[in-house]
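Under our numbering, the first residue of the sequence shown is numbered 924, with each subsequent residue one higher.
First the structure, in the form of structure tokens, and then the observations on it.
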Amino acid sequence: MSSVAFALVLLHQVPSFDLFSQSYDNLFHLNATQSILETGNASSLQLRTLINTDRTISTYPAGWHTAAAMICQITGVSIGVAFNALAIAVVSVAWLPGIAWLTSLVVAQRQRTAGLCASLLLGTAFGFFPYALLIWGVLYPTFLAYALFPSGLALAMLLAHVWLPRWAPAVSDQVRPWAWNDRWMLLGLAAVWWLGAFFTHPRSLVSMVLLIVPLVLWICARAIAVAWKAGGARRRRMLWWLGGAFAFVSVAAVAAVLVVFRVFHVASRPVGDHLNGPQAQAVQTVWDGLWQVLTQNALVGLGLDMTGPLIILAIVVLTGLVIAFRRSDLRWMIVAYALIAVLFAIAAGSNSDMTKILTGLWYKDRYRLSALLPLLGVPLATLAVLRIAALTRWPRVVALGSATIVAASGWVGLWAPVGAAAAHEYRLENVKTTDFVDARQIAFMRQVADVVPADQLLLGDPWDGSGLSWLYADRRPVFPHLNGQWDPDRLLIAQHLDQIESDPAVCTALRHLNVHYLLVSTGEFDGGDPSGNKFAAIDTAVSQGLFTPVLSDGESALLRIDQCS
């Protein structure tokens, strides 16, 4: 039921299941998946060489793209269908079971069944996740990584419970005394989880650390309290441990400062010159961000596209926070939730240097931070629902009914804004405006395969949609993304193609890449590159009429490059 609700809320206004998000990042994701289908190479060590063509090793997590390519190979569907189906599958088999498992560890033993059912319903009622990351960006690898986080946090809690039973928070599993082999098995599962999460999106593991740190600090605080109360040798050992921990933290802090100076090149370039892209720009005040967290009013698109307050869900989550505060073993969840909320609020509401330093590991991206809130919000909301139900004569029935009402209120509140935002991103117009492609350009590209030989690369300015020729013409584009670290041949073509008749190096570069045709179309994605046209020579050469028209429909054209024959 929850998975169906998720799919309907996200895609009910999208006219066709094979449409994909026409957003900046998705051009890379589409071509990366097509590359895996064409070459069979799904190595994360080489996936980024698609756009870092001057290297033989350039890493990018290939988990999402590999799974999508497998769906295409097994079923024969398009990449657009595979992406949408995979999003639903990830929510169904990773996010929802994981969040149910995590929730089962924080509710009372007698309420586990009701808690499992309630958390499954509530798991898709938040706008911050799983919806926002599928509209903004679009951030597929991050979405996949975050869907694994509930199971990772559950493993962390169980590890603490079985290895540090005297200090760790109790869990509702009421597990039998773990044999040593069981403990090592659990440690092995955690290692497998971290390995899988690393190949899903290694940068996202910073978010997992952010969630675990409050739990670790809570365990340390309990251990210190117990040792101090015991006195004697235990207190002295604790003081030695504290001294060592202080030294470690001091070294780590110095290392962090050095990393900041190195990453941000502070010595030669101010911090303020970094993280100024659309994802990092403040779009509101810090107080607006905190209010959005309190009211569950999620940002779901560029600028200030929001879901609107989800009042019932917000009240339930706040009630869960109060319940967690009254349970000493769950107070770490409050700290973690507040920490995420503050980081989100400053990322969305401040452009200060300190904000960039604190949120730089998330690219100062408000969506990457706010998407962490439901990971704790679902268990907190479930605690509230179960506490209310416990006051009645039929706690399980009331818990399930209450969770259904709360979840339904979330789905209803998300229905229109999420649907509209998704329809805007997953659209295919008949006339191109600011999208990559429209229906007419796709139809034209399908004709290109009849003219351009299969072994040739197809030249074009990726900002006009030609970067999608691999999907629709089955011809690999010279420039498969809007930006990249291109090899010398590609750079020469991008910057000097208009000098083809006077500079023999241009023809040499074209021959090296086996390029004989140029695909052009009207319009540019999102109005063009805000940092300046890096493919200006291609556009200039076309406007000068240097090449021979082969096909044209008035909007798009295929041109033959005869100068290098």
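From the three backbone atoms N, C-alpha and C, an ideal C-beta is built for every residue, glycine too.
- Return the CA-CA distance between Q1418 and K1457, expressed in angstroms with no decimal places. Translated into the one-based positions of the sequence shown, residue 1418 becomes position 495. Translated into the one-based positions of the sequence shown, residue 1457 becomes position 534. Distance between the alpha carbons of Q1418 and K1457: 7 Å.
- Message: Rounded to whole angstroms, what is the Cα-Cα separation between L1222 and L960?
- Response: Residue mapping note: residue 1222 aligns to position 299 of the sequence shown, counting from 1. Residue mapping note: residue 960 aligns to position 37 of the sequence shown, counting from 1. Cα atoms of L1222 and L960: separation of roughly 34 Å, rounded to the nearest angstrom.
- CA-CA distance, L1506 and W1086? In the structure as shown, the chain begins at 924 and stops at 1488. Residue 1506 is therefore absent and cannot be evaluated.
- Query: What separation, rounded to the nearest whole angstrom, lies between the Cα atoms of L1181 and V1174?
  - Reply: Within the sequence shown, residue 1181 is the residue found at index 258, counting from 1. Within the sequence shown, residue 1174 is the residue found at index 251, counting from 1. Going by the C-alpha atoms only, they are around 11 Å apart.
- Query: What is the DSSP secondary structure of L1208, reduced to helix, strand or coil?
  - Reply: By one-based count along the sequence shown, residue 1208 stands at place 285. At residue 1208 the sequence reads Thr, which differs from the Leu that was named. If DSSP states are grouped into helix, strand and coil, T1208 belongs with coil.
- Alpha-carbon spacing of I1416 relative to I1423, whole angstroms: In the sequence shown, the residue the question calls residue 1416 occupies position 493. In the sequence shown, the residue the question calls residue 1423 occupies position 500. Here the C-alpha atom of I1416 lies approximately 9 Å from the C-alpha atom of I1423.
- Buried/exposed call for W1151, threshold 16 Cβ in 10 Å: Within the sequence shown, numbered from 1, the residue matching residue 1151 stands at position 228. With fewer than 16 Cβ atoms within 10 Å of its Cβ, W1151 is classed as exposed.
- Message: If contact is defined by three or more beta carbon pairs under 8 Å, each pair taking one atom from either stretch, is the segment 1234-1242 in contact with the segment 1304-1313?
- Response: The segment 1304-1313 is in contact with the segment 1234-1242.
- Have a look at the DSSP bridge pairing and note the partners of Y1440. Position 517 of the sequence shown, counted from the start, is the residue given in the question as residue 1440. Within the DSSP bridge table, the entry for Y1440 names L1381 and R1483 as partners.
- Roughly how many whole angstroms lie between the Cα atoms of D977 and P1427? Residue mapping note: residue 977 aligns to position 54 of the sequence shown, counting from 1. Residue mapping note: residue 1427 aligns to position 504 of the sequence shown, counting from 1. Approximately 21 Å, taken between the alpha carbons.
- Where does P1020 sit, in a helix, a strand or coil, going by DSSP? As a first step, residue 1020 is located in the sequence shown; it is residue number 97 there, counting from the start. P1020 carries a helical assignment under DSSP once its states are collapsed to helix, strand and coil.
- Task: Determine the DSSP secondary structure at S946, reduced to helix, strand or coil.
- Result: For this step, residue 946 is matched to residue 23 along the sequence shown. The answer is coil: DSSP assigns S946 none of H, G, I, E or B.
- Taking contact to mean at least 3 C-beta pairs separated by less than 8 Å, is the segment 1447-1462 in contact with the segment 1367-1374? Short answer: they don't touch.
- Query: Okay, do the segment 1285-1295 and the segment 1251-1268 touch, 3+ Cβ pairs below 8 Å being the bar?
  - Reply: Two segments are said to touch when three or more pairs of C-beta atoms, one from each, lie closer than 8 Å; by this definition the segment 1285-1295 touches the segment 1251-1268.
- Assuming S1389 and V1443 form a contact by the criterion Cβ under 8 Å, report the distance between their Cβ atoms to the nearest whole angstrom. Residue mapping note: residue 1389 aligns to position 466 of the sequence shown, counting from 1. Residue mapping note: residue 1443 aligns to position 520 of the sequence shown, counting from 1. Taking the Cβ atoms as the reference, S1389 lies roughly 7 Å from V1443, within the contact range of under 8 Å.
- Query: In whole angstroms, what separates the C-alpha of A1362 from that of V1354?
  - Reply: Sequence index remark: in the sequence shown, residue 1362 carries index 439 (1-based). Sequence index remark: in the sequence shown, residue 1354 carries index 431 (1-based). Straight-line Cα distance between these residues: approximately 8 Å.
- Item | Every unbroken alpha helix (DSSP H) inside the segment 1007-1053 [4 residues or more] | Complete alpha helix (DSSP H) runs here, min 4: 1019-1027 and 1035-1045.
- Message: Quick test of your reading: Q945 and F1359, contact by CB under 8 Å. State the CB separation rounded to the nearest angstrom.
- Response: Position 22 of the sequence shown, counting from 1, holds the residue named residue 945. Position 436 of the sequence shown, counting from 1, holds the residue named residue 1359. Confirmed, Cβ separation roughly 5 Å.
- Query: When the Cα atoms are used, what is the spatial distance from A1313 to A1037?
  - Reply: The sequence position of residue 1313 within the sequence shown is 390, counting from 1. The sequence position of residue 1037 within the sequence shown is 114, counting from 1. So the alpha carbons of these two residues sit roughly 11 Å apart.
- Would you tell me roughly how many angstroms separate the C-alpha atoms of L1134 and D1105, rounded to the nearest one? What you label residue 1134 is simply residue 211 of the sequence shown in a count that begins at 1. What you label residue 1105 is simply residue 182 of the sequence shown in a count that begins at 1. Across the structure, L1134 and D1105 are spaced so that their CA atoms are roughly 25 Å apart.
- Within its chain, find whatever has a CB closer than 7 Å to the CB of G1243; leave out the 5 residues flanking it on each side and keep chain order. By one-based count along the sequence shown, residue 1243 stands at place 320. Here the set comprises L1303, A1304, L1306 and A1307.
- Query: Is it buried or exposed for G1155, if we count other Cβ within 10 angstroms and need 16 for buried?
  - Reply: Start at 1 with the first residue of the sequence shown, and residue 1155 comes out as number 232. G1155 should be labelled exposed.
- Message: Mapping the DSSP letters down to three states, classify S1389 as helix, strand or coil.
- Response: Your numbering for residue 1389 matches position 466 in the sequence shown. When DSSP states are grouped into helix, strand and coil, S1389 belongs to the helix group.
- Item | C-alpha distance - D1476 paired with V1206, whole-angstrom precision | Looking up residue 1476 in the sequence shown gives position 553. Looking up residue 1206 in the sequence shown gives position 283. It is roughly 41 Å from the alpha-carbon of D1476 to the alpha-carbon of V1206.
- Query: Can you check whether the CB of P1137 is closer than 7 Å to the CB of A1259?
  - Reply: Translated into positions along the sequence shown, residue 1259 becomes position 336. Translated into positions along the sequence shown, residue 1137 becomes position 214. Note that the C-beta distance between A1259 and P1137 is below 7 Å.
- Item | Which residues DSSP lists as bridging S1475, in chain order | By one-based count along the sequence shown, residue 1475 stands at place 552. Answer is A1480, bridged to S1475.
- Item | N1220 versus A1048: straight-line alpha-carbon distance, rounded | By 1-based counting over the sequence shown, the position of residue 1220 is 297. By 1-based counting over the sequence shown, the position of residue 1048 is 125. C-alpha separation (whole angstroms): 12 Å.
- Item | Own chain partners of C1040 with C-beta closer than 6 Å, once the 5 adjacent residues on each side are dropped | Indexing the sequence shown from 1 puts residue 1040 at position 117. Excluding sequence neighbours, C1040 sits near L1323.
- Message: Going by DSSP in three states, M924 sits in which element: helix, strand or coil?
- Response: Taking the first residue of the sequence shown as 1, we reach residue 924 at position 1. Look at M924 here: in three-state DSSP terms it is coil, with no helix or strand label.
- Whole angstroms is fine: what's the gap from G1383's alpha carbon to T972's? Translated into the one-based positions of the sequence shown, residue 1383 becomes position 460. Translated into the one-based positions of the sequence shown, residue 972 becomes position 49. Spanning the alpha carbons of G1383 and T972 requires a straight line of approximately 19 Å.
- Within its chain, find whatever has a CB closer than 6 Å to the CB of H988; leave out the 5 residues flanking it on each side and keep chain order. Translated into positions along the sequence shown, residue 988 becomes position 65. The residues are A955, T956 and I959.
- Message: So, at 6 Å on beta carbons, what are the nonlocal neighbours of K1287 in its own chain, with the 5 sequence-adjacent residues on each side left out?
- Response: Your numbering for residue 1287 matches position 364 in the sequence shown. Closer than 6 Å at the Cβ level, and outside the excluded window around K1287, lie L1198, A1203, A1270 and K1279.
- Sequence-distant residues of the same chain with beta carbon closer than 7 Å to Q1486, five excluded per side: For the purposes of this step, residue 1486 is taken as residue 563 along the sequence shown, with counting starting at 1. Its chain contains I1423, E1424 and C1430 as the residues whose beta carbon lies nearer than 7 Å to that of Q1486, once the 5 sequence neighbours on both sides are disregarded; these appear in chain order.
- Given Y947, which residues of its chain have a CB within under 7 Å of its CB, disregarding the five upstream and five downstream residues? In the sequence shown, residue 947 corresponds to position 24, counting from 1. So the qualifying residues of the chain are L1405.
- Could you have a look at L1405 and say whether DSSP puts it in helix, strand or coil? As a first step, residue 1405 must be located in the sequence shown, where it is residue number 482. In the three-state reduction of the DSSP assignment, L1405 falls in the coil class, being assigned neither a helical nor a strand state.
- Item | Rounded straight-line distance, which links the Cα of L950 to that of L1062 | The residue you call residue 1062 lines up with position 139 of the sequence shown. The residue you call residue 950 lines up with position 27 of the sequence shown. If you draw a straight line from the Cα of L1062 to the Cα of L950, it is about 12 Å long.
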